[in-house]
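What follows is one structure encoded as structure tokens, with my remarks underneath.
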Amino acid sequence: MVITGNFRLHCRAVLVICAALCVCACGRGEQPAVQSTAKAAPASPPPQAAPPARPVVVMPRPPELKALPIVLEQGAAVYGERCGNCHGLDGISGGTIPDLRFMNADTHLGFLDIVLGGSHSDNGMPGFAEVMTESDANAVHAYIISRARETYTGD
1298 MVITGNFRLH CRAVLVICAA LCVCACGRGE QPAVQSTAKA APASPPPQAA
1348 PPARPVVVMP RPPELKALPI VLEQGAAVYG ERCGNCHGLD GISGGTIPDL
1398 RFMNADTHLG FLDIVLGGSH SDNGMPGFAE VMTESDANAV HAYIISRARE
1448 TYTGD
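Counted from 1, the sequence shown has number 1342 at position 45 by our numbering; the numbering is strictly sequential.
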């Protein structure tokens, strides 16, 4: 490899500039800035605030269950087909959509109007009258009551 005079001159100029920077920095009691090729350890993440506490929801006492096991089986099947995708498998919601086990007395009374008539359509709950019979809706209601009674710890 042949090194030309211009390259030597250029290298000498770079060394002089680096030395001058080092002297200036050291003369003021500072360490010269050295760019390291080693990767710095990642900074630890800032402490996170605790997530907001979920409000405690008290489950209302579910109504008495007045359904035969075969009706509960029908209700579970229809619930799984028509309700479970939004309200949670096995009647247990993930929290975004209402957990039907926590229905209050007024909601139980209006269940058929909600499910078949669409009285809550303004809140995103469509009516299912075109794809569900009243018998199916009553079976789903009984299934939901059975799931609520399994969960209920009051009294």
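Note that the Cβ used here is the ideal one computed from N, Cα and C, for glycine as well.
If you're wondering where the values come from, they're calculated on a predicted model, not measured in any experiment.
Enclosing alpha helix (DSSP H) for residue i [first to last residue]
i     : result
G1424 : From DSSP, G1424 is part of no alpha helix (DSSP H); its letter is neither H nor E.
P1366 : 1366-1375
L1409 : 1408-1412
N1382 : 1381-1384
Collapsed DSSP secondary structure at residue i in the structure displayed
i     : result
D1433 : helix
A1439 : helix
E1361 : coil
S1418 : helix
D1403 : helix
G1391 : coil
T1448 : helix
Reference residue i, options the options, closest by Cα
i     : options                    : result
P1359 : A1402, Q1371, G1414, G1388 : A1402
V1428 : H1438, V1375, Q1371, N1382 : V1375
T1450 : V1368, I1411, F1399, A1373 : F1399
A1445 : G1388, L1413, G1381        : G1388
Cβ-heavy atom distance, residue i to the ligand MN, below 8 Å
i     : result
D1419 : By its list of ligands, the structure shown contains no ligand whatsoever, and the ligand MN lies outside what it can speak to.
Counting beta carbon pairs with one atom in the region 1354-1369 and one in the region 1413-1424, are three or more of them shorter than 8 Å? No, the region 1413-1424 does not touch the region 1354-1369.
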